[in-house]
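Sequential numbering of the sequence shown, starting at 1, is according to full-length UniProt numbering.
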Amino acid sequence: MSTEREKIKVLHVVGTMNTGGAEIMLMDIYRNISANVEFDFLVNVKANKDLPKGDFDEEIIKRGGRLLYVTAQWDLGITRFIKAFKQIIKENGKPDILHVHLNSKGGVIALCARLCKIKKIIVHSHADINYRGSLLKVLPHLIELKFQKILISLFATDLWACSRPAAKSLFFPWIEKKAVIINNAINVSSFLEVSNDTRTKIRESIKAFDNKIVIGNVGRINRSKNIGFLIEIMKILKEKEVDCILVCAGRIDDEQYMNEVKWQIEKFGLQEQVVFLGNRNDIQNVLSSFDIFVSPSRHEGFGMVAAEAQASGLPCVLSDGFPKNVDMGLNLVEFMDDFNAEEWAETIMDKLNSKILDKEKIYKKLAELGFDVVENTKRVEELYYS
1 MSTEREKIKV LHVVGTMNTG GAEIMLMDIY RNISANVEFD FLVNVKANKD LPKGDFDEEI
61 IKRGGRLLYV TAQWDLGITR FIKAFKQIIK ENGKPDILHV HLNSKGGVIA LCARLCKIKK
121 IIVHSHADIN YRGSLLKVLP HLIELKFQKI LISLFATDLW ACSRPAAKSL FFPWIEKKAV
181 IINNAINVSS FLEVSNDTRT KIRESIKAFD NKIVIGNVGR INRSKNIGFL IEIMKILKEK
241 EVDCILVCAG RIDDEQYMNE VKWQIEKFGL QEQVVFLGNR NDIQNVLSSF DIFVSPSRHE
301 GFGMVAAEAQ ASGLPCVLSD GFPKNVDMGL NLVEFMDDFN AEEWAETIMD KLNSKILDKE
361 KIYKKLAELG FDVVENTKRV EELYYS
């Protein structure tokens with residue numbers, strides 16, 4: 001006779017709960033975890049700003065979760081942040097588990113949790129942290145990262161990561177091997193159940209009629225995602241007289257970079273070949289309208305959307321900034337080891353015909369590899385109770 005488990009409270013330390021890869025993964029777990037596991041969210045916000053409204057805030061509240069807010073450590077300074085953190089725990093109760101999702105800022109949070117005598121402190125790396133630029137520019141970031149790593153090694157009780165490269169980037173070598181790899185699992189069925197009517201409607205809305213090829217990208221628009229390189233690829237495809245359109249879905253993180261991309265588009269005369277959809281909450285529908293998914297991102301901890309693209313049966317052309325474990329073994333992924341636009345254009349044309357329409361094959365493969373959200377959530381729950 002089975003006995004019901006005791007309730008546990010998990011406090012997730014996050015940024016604004018928008019539709020990024022880590023946030024989507026966390027919400028998928030929230031939707032599937034048992035009622036005995038209660039989630040609250042401590043959102044780090046900028047000083048002297050109105051409280052941000054996240055894409056998932058309403059759903060979190062409907063599910064019984066609390067949204068708590070703290071001014072971020074990079075604005076308050078460490079001493080004041082520790083004081084603010086302690087006050088929040090005092091006012092709202094001590095959780096059984098603190099689960100940190102702030103990557104390079106996780107060490108100070110782990111210290112705060114230890115000072116509050118929280119027993120289980122999970123630091124979860126969601127990114128392959130890699131700073132670019134001159135030594136003078138990146139040195140302060142490298143020093144801070146080293147400091148945070150020291151705190152993580154001293155105060156975290158559990159280390160989680162979305163991939164081995166993400167673990168190596170945030171944890172020292174002597175503890176990195178202890179890190180548990182948690183797949184960024186997805187709700188596979190939601191991607192397999194999109195109707196042909198939905199695909200047709202979205203393609204019509206972006207004027208992708210007849211046999212026009214839709215090259216798609218989903219992700220925040222910033223330098224790291226490298227959307228400008230996609231514009232170079234589109235220039236080459238236009239010169240080759242390929243009837244195609246580039247569709248990008250995602251919020252703008254960097255207005256200056258977006259302006260540079262727009263300048264590129266005008267320079268190459270691609271105004272009719274590039275469409276920006278903005279932030280979308282129906283990624284499975286957007287992906288269904290694509291013929292191929294392409295991402296030249298410079299760094300990805302895992303690359304959630306590439307997994308989602310494969311769940312949609314899409315061929316994918318990815319930079320080597322993605323970890324190799326994002327390839328689901330469906331023969332859909334081609335990794336590119338440099339940024340030669342001509343080579344990317346050729347690879348895109350070669351991969352177009354490898355789309356998978358056998359939905360049962362996709363589901364079985366992703367479940368077998370541990371990327372089904374239901375099975376993944378069971379694993380997370382077991383780790384919470386361990």
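Ideal Cβ positions, reconstructed from N, Cα and C, are used throughout, including at glycine.
Asked, Found
"Pair within 7 Å by beta-carbon distance, I175 and S153", "yes"
"Range covered by the alpha helix (DSSP H) that runs through S386", "Neither: S386 is in no alpha helix (DSSP H) and is coded neither H nor E."
"Local conformation of K7 per DSSP, three classes", "coil"
"From Q256, L26, V14 and M27, residue whose alpha carbon lies closest to that of Y69", "V14"
"Inter-residue spacing [alpha-carbon to alpha-carbon] between F229 and Q264", "10 Å"
"Minimum C-alpha distance to K117 - residue among A249, I89 and V326", "I89"
"Cβ-Cβ distance between I78 and V108 below 7 Å", "yes"
"Given Q73 as reference, the closest of E38, M17, I29 and Q148 once Cα atoms are compared", "Q148"
"Opposing strand residues paired with residue 387 [DSSP bridges]", "The chain is shown from 1 up to 386; residue 387 falls before or after that span and cannot be answered."
"6 Å Cβ shell around R223 - same chain, five flanking residues per side excluded", "Y257"
"Continuous beta strand (DSSP E) stretch holding A161: start and end", "D158 to A161"
"Residue burial classification, E23 (beta-carbon count within 10 angstroms, cutoff 16)", "buried"
"Residue of E232, W160, L102 and G106 minimising C-alpha distance to K178", "W160"
"Test: E266 CB closer than 7 Å to a CB of chain C", "Absence of chain C from the displayed structure is noted, only one protein chain being present."
"Contact check, T198 vs N285, beta carbons under 7 Å", "yes"
"Environment of D338 [buried if 16+ CB atoms lie within 10 Å]", "exposed"
"Closest by C-alpha distance to K46, when choosing among D57, G21, D75 and F39", "D75"
"Boundaries of the alpha helix (DSSP H) in which E266 is found, first to last residue", "E255 to K267"
"According to DSSP, residues forming a beta bridge with I356", "The partner list for I356 (beta bridge, DSSP) is empty, contrary to what the question assumes."
"Proximity winner among L26, I82 and P296, relative to N340 (alpha-carbon distances)", "P296"
"contact_flag[the segment 210 to 222, the segment 184 to 201] where n(CB pairs < 8 Å) is 3 or more", "no"
"Range covered by the beta strand (DSSP E) that runs through S125", "K120 to S125"
"R298 versus A345 - alpha carbon distance", "18 Å"
"Beta-carbon proximity check, A110 vs L151, cutoff 7 Å", "yes"
"Environment of N376 [buried if 16+ CB atoms lie within 10 Å]", "buried"
"Under 7 Å between C-beta atoms of R203 and S289", "yes"
"Under 7 Å between C-beta atoms of A84 and F191", "no"
"Inter-residue spacing [alpha-carbon to alpha-carbon] between residue 399 and E381", "Residue 399 is absent from the model: the chain starts at 1 and stops at 386."
"Nearest residue (CA-CA) to K359, options L383, M349 and L330", "L330"
"Reference V373; option with closest CA among C244, S189, F335 and I233", "S189"
"Same chain only: Cβ atoms within 8 Å of L357, ignoring 5 sequence neighbours per side", "G313"
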